[in-house]
Amino acid sequence: MLTANPRTYYHQLSALIGWTSLLRLSRLRQRTFILTGECDTLVRPYNANILRRSIRRSELHVLPDEGHFFVVTSAKRTAKVVREFLCR
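Residue numbers in the sequence shown follow the numbering used here, run continuously in steps of one, and reach 179 at the last position.
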């Protein structure tokens, strides 16, 4: 059962299909850490490479043998690489 009326739902879906931040990513000035799992099937690592090419001061780290939920399934490993990035 939908919690929103069908017309509202339709407009929200339409907005998602046409919306992208890709053209604005180059305006980011801060250091950006992009972290992805090598085996992520929900958001493929290819997308992380697009982010890396689009954000000037970005660094990409791919966690080997990890999927989409690496923050939960490998919390200590994730915290370690994030800490290393923040301490540089």
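Even glycine gets a Cβ: it sits at the ideal position worked out from N, Cα and C.
Note that the coordinates shown come from a computational prediction; the quantities given were computed from them, not determined experimentally.
- For L133, no beta strand (DSSP E) encloses it, and the DSSP letter there is neither H nor E.
- For L107, no pairing in a beta bridge is given by DSSP.
- For L154, the enclosing beta strand (DSSP E) starts and ends at 149-154.
- E157 sits buried, since 16 or more C-beta atoms from the chains shown fall within 10 Å of its C-beta.
- In the structure shown, F176 falls within a helical segment according to DSSP collapsed to helix, strand and coil.
- Short of 8 angstroms from the beta carbon of S145, and not among the five residues preceding or following it, lie these beta carbons of its own chain, in chain order: L113, L116, S117.
- Taking the CA atoms as reference points, P136 sits about 25 angstroms from C178.
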